[in-house]
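The structure appears right after this line, and notes come after that.
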Amino acid sequence: MSQTLVIAGVQLLGRESADIVIENGVIAEIGTGLSRSGARVIDAAGLVALPGLVDLHTHLREPGFEASETVLTGTQAAAAGGFTAVFAMPNTQPVADTAGVVEQELALGEAAGYATVQPIGAVTVGQKGERLAELGAMAGSRARVRVFSDDGFCVWDPLIMRRALEYVKSFGGVIAQHAQDPRLTEGAQMNEGVVSAELGLAGWPAVAEESIIARDVLLAEHVGSRLHVCHLSTAGSVDIIRWAKKRGIQVTAEVTPHHLLLTDDLVRDYDARYKVNPPLRTAEDVMAVREGLADGTIDIVATDHAPHPAENKACEWQAAANGMVGLESALRVVHQAMVQTGQLDWADIARVMSSAPARIGRLDGFGALEVGRPAHVTLYDPNVPGVFTEADLHGRSQNSPYLGRELPGRVLWTIHGGVVTVDGGALVEELDTRAARSRSL
C-alpha cells in the first residue's frame with residue numbers, strides 16, 4: 000500500500016542534497032529539513048535520486064512464451080534494476096497487433112504492480128511485413144499505444160514503412176525500426192569483421208544496419224513523421240543519425256548497455272550469452288556509440304531485455320537464440336561505460352534513461368522529480384561496487400553477459416507511484432497494488 004515517505008538527505012540533480020516527501024503516491028514537497036508525522040524515513044545520505052527509470056525496449060514474452068518470462072517476473076526484474084516503466088515489445092504469441100492483445104498486456108502489468116507496462120504495437124499483422132496492423136485501433140484502445148515496432152524483424156518493404164510513418168503521424172505516434180537488411184544477414188552469426196573471419200562464422204555486416212537507417216530517415220523526412228531507431232550498434236549508424244538530425248529530420252535513436260561496453264572479441268569462447276541481435280561490434284564501434292550518446296546524437300539507453308530459457312543458450316553457438324537479459328544490470332553498466340569514463344553525469348543519466356524515453360514514448364507522469372508529479376523514484380548508491388551474480392537476477396531467465404563481472408553501484412530503492420518495490424536493495428516479494436492500480440486507471 001502507498002504510504003507517506005520521507006527520503007532524507009539524498010543527492011538531487013542540480014543540488015547538493017535534499018529531502019523528498021511522498022504522500023498518496025505523489026511528490027508532495029522537496030526541500031531540506033522536511034518531516035511528516037508518522038512517515039517512514041529513508042536515510043538516503045550518499046545516494047543519488049533519479050526519476051524512475053523508463054525502458055523503451057523490453058521483451059516480457061507474455062502471452063505465449065512464459066517459459067522465458069512473464070509480465071510479473073519481467074517487471075520484478077525491472078524494479079530490481081531501478082525501472083518504474085517498461086515498453087513491452089510485440090513479439091508475443093499471439094503477436095500484439097490488435098487492441099485486444101495490447102489491452103491484455105496493459106492489464107497484466109497493472110495486476111503485477113512492480114512497474115508500469117506500456118505495450119508497443121506491431122507495425123504489420125503477425126510481424127510478417129505484408130500489411131499494416133490495426134495501428135489506429137491500438138492507438139485508440141485503453142493501452143493508448145504510441146510506439147509501433149516489428150522488433151526482431153525489419154520493416155523491409157519501403158512502401159509499407161512509408162504507409163506506417165504516414166498513419167502514425169495522425170496521432171503523434173512513432174515507428175521504432177529494427178534496422179537489419181534481411182538479405183545481407185542471411186545465416187549471420189556475429190559481427191562481420193576480423194573475429195568472424197578467424198572463427199569461420201558468417202558475418203552480420205555493419206552496412207546491413209546502416210542501409211536501412213539511411214533509407215528510413217529519408218522516408219521520415221519525406222513524410223514528416225517520427226522515426227525511432229532501435230539498438231544502434233555501428234559507427235556508421237551514428238554518423239547517419241547525426242547527419243539526419245542536423246538536417247532537421249524527426250529521428251531518435253537508442254543504444255543498449257551491452258553495445259556500450261562489450262565487443263565481438265568475447266565471441267571467441269563461443270559463450271552464447273554473448274550472442275545478440277544486432278551483434279556485439281568492434282571496439283571502434285563501442286567508442287563511436289559512446290560518443291554518440293554523450294553528444295546527444297543517440298537519445299536514450301534501452302535495454303533490449305531478451306530472456307531465454309537455459310536450453311536455448313546452453314547449446315552450440317549456431318543453434319543458440321539471440322538475446323540477453325538486461326534490466327537488472329542496465330544502470331550499473333551505463334554507470335561503468337559512461338559515468339566512470341566522464342562522458343555523462345547523473346543529470347545526463349536521468350535524461351537518457353528516464354525523461355527522454357518517456358518523451359519519445361509519450362508516457363505521461365514519468366521522467367521528472369517535481370512536486371505534484373507521480374512518485375516514480377530510483378535511489379542509487381554509486382559507491383558500492385560488486386560482482387554481478389545470479390542473485391542479482393529476478394526474472395525467469397539468467398542469460399546475462401555480466402555474470403561474474405564486477406560492476407559499480409547498486410539500486411537500493413525503487414518507488415513506483417509511491418509504492419516501494421525495492422527496499423534497501425531487496426525486491427519486495429508481495430505488493431499491495433490496490434493504490435497503484437487505482438492511480439493507473
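Per numbering that gives the first Met the number 0: the sequence shown = residues 0 to 440. Glycine residues also receive a C-beta, built at the ideal position from the N, C-alpha and C atoms.
Would you decide whether residue i is buried or exposed? Buried here means 16 or more other CB atoms lie within 10 Å of its CB.
i: residue 370; result: exposed
i: residue 440; result: Model confidence at residue 440 stands at a pLDDT of 28, short of 50, so the residue's coordinates are unreliable; what they give is reported in the following sentence. Looking at its Cβ environment, which holds fewer than 16 other Cβ atoms inside 10 Å, residue 440 is exposed.
i: residue 42; result: exposed
i: residue 388; result: exposed
i: residue 127; result: exposed
i: residue 263; result: buried
i: residue 433; result: Below a pLDDT of 50, predicted positions are generally treated as unreliable, and residue 433, at 44, falls in that range; no measurement from the model is reported.
i: residue 331; result: buried
i: residue 373; result: buried
i: residue 157; result: exposed
i: residue 270; result: exposed
i: residue 31; result: exposed
i: residue 129; result: exposed
i: residue 286; result: exposed
i: residue 221; result: exposed
i: residue 34; result: exposed
i: residue 353; result: buried
i: residue 163; result: buried
i: residue 344; result: exposed
i: residue 335; result: buried
i: residue 339; result: exposed
i: residue 256; result: buried
Nearest to residue i by CA position, among the options, is which residue?
i: residue 317; options: 186, 91, 238 and 350; result: 186
i: residue 131; options: 333, 118, 150 and 154; result: 154
i: residue 151; options: 342, 179 and 165; result: 179
i: residue 202; options: 183, 190 and 213; result: 190
i: residue 146; options: 116, 156 and 287; result: 116
i: residue 442; options: 211, 125, 218 and 372; result: Lying outside 0 to 440, the shown extent of the chain, residue 442 is not represented and no answer is given.
i: residue 359; options: 285, 222, 171 and 341; result: 171
i: residue 265; options: 384, 256, 279 and 254; result: 279
i: residue 297; options: 355, 56 and 429; result: 355
i: residue 428; options: 252, 9, 75 and 122; result: 75
i: residue 441; options: 15, 159, 173 and 113; result: A query on residue 441 cannot be resolved here, the shown segment of the chain reaching from 0 to 440 and no further.
i: residue 91; options: 55, 79, 63 and 228; result: 63
i: residue 377; options: 18, 47, 8 and 253; result: 47
i: residue 274; options: 383, 307 and 253; result: 307
i: residue 61; options: 79, 21, 40 and 104; result: 104
i: residue 226; options: 243, 363 and 234; result: 243
If you draw a straight line from the alpha carbon of residue i to that of residue j, how long is it in whole angstroms?
i: residue 144; j: residue 230; result: 20 Å
i: residue 72; j: residue 375; result: 19 Å
i: residue 407; j: residue 45; result: 14 Å
i: residue 142; j: residue 349; result: 25 Å
i: residue 436; j: residue 106; result: At residue 436, the pLDDT of 39 sits below 50, so the modelled position is not reliable; the number obtained from the coordinates is stated separately. Looking at the two C-alpha atoms, the distance is approximately 10 Å.
i: residue 311; j: residue 320; result: 6 Å
i: residue 294; j: residue 37; result: 45 Å
i: residue 118; j: residue 136; result: 13 Å
i: residue 438; j: residue 267; result: Low per-residue confidence applies at residue 438: pLDDT is 34, beneath 50, and the placement is therefore not dependable, though the value from the model is reported in the following sentence. Each residue's Cα considered, the two are about 49 Å apart.
i: residue 208; j: residue 258; result: 14 Å
i: residue 77; j: residue 247; result: 34 Å
i: residue 284; j: residue 206; result: 13 Å
i: residue 315; j: residue 342; result: 37 Å
i: residue 288; j: residue 232; result: 7 Å
i: residue 390; j: residue 204; result: 36 Å
i: residue 276; j: residue 14; result: 40 Å
i: residue 240; j: residue 100; result: 33 Å
i: residue 223; j: residue 11; result: 38 Å
i: residue 200; j: residue 212; result: 25 Å
i: residue 386; j: residue 409; result: 11 Å
i: residue 25; j: residue 193; result: 53 Å
i: residue 23; j: residue 196; result: 59 Å
i: residue 302; j: residue 272; result: 15 Å
i: residue 383; j: residue 6; result: 20 Å
i: residue 366; j: residue 93; result: 31 Å
i: residue 188; j: residue 58; result: 21 Å
i: residue 112; j: residue 56; result: 19 Å
i: residue 18; j: residue 309; result: 44 Å
i: residue 110; j: residue 423; result: 24 Å
i: residue 16; j: residue 245; result: 37 Å
i: residue 403; j: residue 198; result: 25 Å
Using 8 Å as the cut-off, classify the Cβ of residue i as near or not near the heavy atoms of the ligand ATP, replying yes or no.
i: residue 286; result: As for the ligand ATP, it is missing from this structure, which has no ligand bound.
Measure the beta-carbon distance from residue i to residue j and round it to whole angstroms, keeping in mind my assumption that it falls under 8 Å.
i: residue 421; j: residue 412; result: 6 Å
i: residue 52; j: residue 81; result: 5 Å
i: residue 122; j: residue 148; result: 6 Å
i: residue 392; j: residue 327; result: 6 Å
i: residue 176; j: residue 228; result: 6 Å
i: residue 68; j: residue 394; result: 5 Å
- Message: Runs of 4 residues minimum, wholly inside the region 238-280: which ones carry the alpha helix (DSSP H) assignment?
- Response: 256-260
- Item | Within the region 57-106, ranges of the beta strand (DSSP E) (whole runs, at least 3 residues) | 82-87
- Message: Give the list of continuous beta strand (DSSP E) stretches no shorter than 3 residues that lie fully inside the region 342-400.
- Response: 376-380
- Task: Quick one: which unbroken beta strand (DSSP E) runs of 3-plus residues sit fully inside the region 13-60? Chain order, please.
- Result: 17-22, 25-30, 39-42, 47-50 and 52-57
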